[in-house]
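Here's the structure, in structure tokens; my notes come after.
Residue numbers (mature numbering (1 follows the signal peptide of the UniProt record, and there is no 0)): -19 to -1, 1 to 302.
Shown next as structure tokens:
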């Protein structure tokens, strides 16, 4: 443990999780972030008793935060201090992470004294076997000594998109939130059976090369006329939205899908409900193969390379296209 003489316990509240924390510490330490000038930071460090998926923080201080403070949020998947920076969008005391992180430790650092009273941690869920591949750590030695914080520097790796390093690290959120948009998605994201994922109004999702959604559960993308949902490439063509063996309908309302190979494609199962969707500059706009009726209402397929609408079904029912 690198905190030594002055440690102050801070109240920690965890929401929406059964995970617990071991301890909370505060002090000061030199912070060395790749590509930045080092500084002496006033830090609050949270230790969790297991890997915890984190999507947002609410930081309460003696003097309420204005949102203009320069604060670094650092995390470590390990117990032995392999630290990374996570970026965020904030409004006053609420800090929404640009991507969910899975951490054993979390550190809040600033060049000014924040006088943190409590930290609320909004958690997410780790699915599948994520706990196995998200723990690239060596166990700390049991005989580690406590070191004076003033004599230790904390080296931090600057990571813009940590999921690019190991695609299996992608943590699928239950909700893609408006206040965390835009989202950069570098991998093909699988929504498993019995899972429902919601995309809030106005969210933009930017996909890497051949990334996309493979939907075996349900994807709900309900935009509005004033705040549509956007699916678009980062640079090169992305895969698109592929629905396979759906037992319940996904829904796309007031959404724009562009720059993909598949557009919105149904391979099998219950077709999605399509309402006010523009699918353009894809290879296929809408490509459905199903024995059920298809409902595509007030939607358009524009400038697609192959087919705008390719519907293979016994019963077709369209609204205005």
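A virtual CB, placed ideally from N, CA and C, is assigned to each residue, including glycine. Everything numeric in this text was worked out from a predicted model, so none of it was measured.
Rounded C-alpha distance that separates residue i from residue j
{"i": "residue 264", "j": "residue 237", "result": "15 Å"}
{"i": "residue 151", "j": "residue 89", "result": "23 Å"}
{"i": "residue 35", "j": "residue 294", "result": "43 Å"}
{"i": "residue 259", "j": "residue 27", "result": "45 Å"}
{"i": "residue 58", "j": "residue 78", "result": "16 Å"}
{"i": "residue 283", "j": "residue 32", "result": "45 Å"}
{"i": "residue 22", "j": "residue 54", "result": "12 Å"}
{"i": "residue 92", "j": "residue 207", "result": "40 Å"}
{"i": "residue 71", "j": "residue 194", "result": "28 Å"}
{"i": "residue 285", "j": "residue 45", "result": "51 Å"}
{"i": "residue 204", "j": "residue 257", "result": "9 Å"}
{"i": "residue 246", "j": "residue 267", "result": "6 Å"}
{"i": "residue 104", "j": "residue 67", "result": "15 Å"}
{"i": "residue 41", "j": "residue 94", "result": "13 Å"}
Identity of the residue in the options nearest residue i by Cα
{"i": "residue 322", "options": "177, 30, 232, 239", "result": "Not covered by the structure: residue 322. The range shown for the chain is -19 to 302."}
{"i": "residue 174", "options": "231, 87, 65, 80", "result": "231"}
{"i": "residue 262", "options": "281, 254, 276, 233", "result": "281"}
{"i": "residue 81", "options": "38, 285, 253", "result": "38"}
{"i": "residue 252", "options": "197, 283, 213", "result": "197"}
{"i": "residue 160", "options": "51, 54, 69, 84", "result": "69"}
{"i": "residue 291", "options": "279, 270, 278, 276", "result": "270"}
{"i": "residue 48", "options": "75, 169, 171", "result": "75"}
Same chain, Cβ closer than 7 Å to residue i, neighbours up to 5 away in sequence not counted
{"i": "residue 209", "result": "235, 236, 237"}
Buried or exposed by the 16-neighbour rule on C-beta atoms within 10 Å, applied to residue i
{"i": "residue 243", "result": "buried"}
{"i": "residue 102", "result": "buried"}
{"i": "residue 19", "result": "exposed"}
{"i": "residue 223", "result": "buried"}
{"i": "residue 272", "result": "exposed"}
{"i": "residue 289", "result": "buried"}
{"i": "residue 85", "result": "buried"}
{"i": "residue 7", "result": "buried"}
{"i": "residue 98", "result": "exposed"}
{"i": "residue 16", "result": "exposed"}
Cutoff 6 Å; reference residue i; Cβ partners in own chain excluding five residues on either side
{"i": "residue 191", "result": "220"}
{"i": "residue 179", "result": "156, 201"}
* Counting Cβ pairs, one atom from each stretch, are 3 or more of them under 8 Å apart for the segment 158 to 168 and the segment 179 to 189? -> With three or more CB-CB distances shorter than 8 Å, the segment 158 to 168 counts as touching the segment 179 to 189.
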